[in-house]
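A quick write-up on the structure given underneath.
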Amino acid sequence: MMLRIVWIFMFSIIIIGCSSRKQLTATADKMEKIHAIVKMDTINIISNWANPLNSNMIANTGLLPVGSTAGNISLIGNANYFKIIGDSVSIYLPYYGEWRFAPPYGARETGISFDGKPKEYKQTFNKKKNKYEYYFELKNNAEIFQINLTLFPNLNTDIHVNSNLRAYIGYRGEVIEK
1138 MMLRIVWIFM
1148 FSIIIIGCSS
1158 RKQLTATADK
1168 MEKIHAIVKM
1178 DTINIISNWA
1188 NPLNSNMIAN
1198 TGLLPVGSTA
1208 GNISLIGNAN
1218 YFKIIGDSVS
1228 IYLPYYGEWR
1238 FAPPYGARET
1248 GISFDGKPKE
1258 YKQTFNKKKN
1268 KYEYYFELKN
1278 NAEIFQINLT
1288 LFPNLNTDIH
1298 VNSNLRAYIG
1308 YRGEVIEK
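For the sequence shown, my numbering assigns the number 1138 to the initial residue and increments by one for each residue that follows.
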């Protein structure tokens, strides 16, 4: 009798565990809003969190803001922006991470900054996941950046930055509506 109860309990746990998960769908209002923002050809993004590759160098600096860890740094209160204006971009993002190679001689800017037209620019809409995906390739002096930007219907953003001189860093933020 006890064995039968155990089998029924185990079977029900397996059935519940294998049930399909609830799909998150964006509301029509949110989708209209994100489509309208993208059509305006002007997108302003402020990042709230930086996610560098976790390293001892960052953790040992002792300069992280309150509530931050080596892999998740709060940018709240720090000046930063990512703007798309037509076919141009204007970027200033603080950089927390390791340089793979020494910065160019005389470099005063340690953040990621760029103003102008990207070398390469792609925008796609992923219908299955209801999100806009952008790809930028930027050349700034001796440094080349490959940036992937994702816009979600709730106006949250993910920015992934790869560079030929620095370690990877990601940013999480939101679209600022005017």
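C-beta: ideal position from N, C-alpha, C; glycine also.
| Check | Outcome |
| --- | --- |
| Could you give the C-beta distance for I1221 and N1185, rounded to a whole number, given that I count them as a contact under 8 Å? | That belief does not hold up - the Cβ atoms of I1221 and N1185 are roughly 18 Å apart, past 8 Å. |
| Taking the runs of the beta strand (DSSP E) that are 3 residues or longer, which of them lie wholly in the region 1229 to 1285? | 1249 to 1253, 1257 to 1263, 1268 to 1277 |
| What is the DSSP secondary structure of N1181, reduced to helix, strand or coil? | strand |
| How far does the alpha helix (DSSP H) with I1222 in it extend, from its first residue to its last? | First-last for I1222: 1218 to 1222, but that is the beta strand (DSSP E), not the alpha helix (DSSP H). |
| Classify M1300 as buried or exposed, calling it buried when 16 or more other Cβ atoms lie within 10 Å of its own Cβ. | Here residue 1300 is Ser; the residue named in the question, Met, does not match the sequence. Its Cβ being crowded by 16 or more others within 10 Å, S1300 is buried. |
| Would you list the one or two residues that DSSP bridges to E1311? | I1183, N1293 |
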